[in-house]
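> Residue numbers (my numbering): 8 to 125.
Every residue gets a Cβ at the ideal spot worked out from N, C-alpha and C, and that includes glycine.
One structure coming up, written as structure tokens, with questions to follow.
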């Protein structure tokens, strides 16, 4: 299976030591430029991710298979600490649709079940 460019950029982040995996580990770090969350994250973890998004004032991208992209079992959040790689991943993510990486829209509100409201 061929990897997308965004997955390749996540691999570059891992090799450069600029990727932090996990919600708790991301909460303890500084200098985060992009959050990448798994699309199937649980409701409580999703709330924590949105709090981290506000804390770091950075964009959020949802990935179909984050644990496969970062090669860590049960990884639900990855925090990118490199500005240029974060920008590259953001540019490769889709506005909406069925792409492997989808941008979180600021204008939509998330209800308790995690579904977007208009």
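Give the straight-line distance between the Cα atoms of residue 76 and residue 97, rounded to the nearest whole angstrom.
15 Å
> To the nearest angstrom, report how far apart residue 74 and residue 61 are at their CA atoms.
So the alpha carbons of these two residues sit roughly 23 Å apart.
> Just curious, the alpha helix (DSSP H) that residue 32 is in, first and last residue?
If you look at residue 32, you'll find it in the alpha helix (DSSP H) that goes 30-34.
> By a C-beta neighbour count over all protein chains shown, 10 Å radius and 16 as the cutoff for buried, is residue 102 buried or exposed?
exposed
> Quick test of your reading: residue 69 and residue 111, contact by CB under 8 Å. State the CB separation rounded to the nearest angstrom.
6 Å
> Apart from the five residues on each side of it in sequence, which residues of its chain come closer than 8 Å, Cβ to Cβ, to residue 29?
Same-chain partners within the cutoff: 82, 83, 84.
> Check the C-beta distance from residue 88 over to residue 27 and give it rounded, since I have them as a contact under 8 Å.
7 Å
> Measuring only the C-alpha atoms, how far is residue 52 from residue 12?
26 Å
> Residue range of the alpha helix (DSSP H) that residue 90 falls in?
90-99
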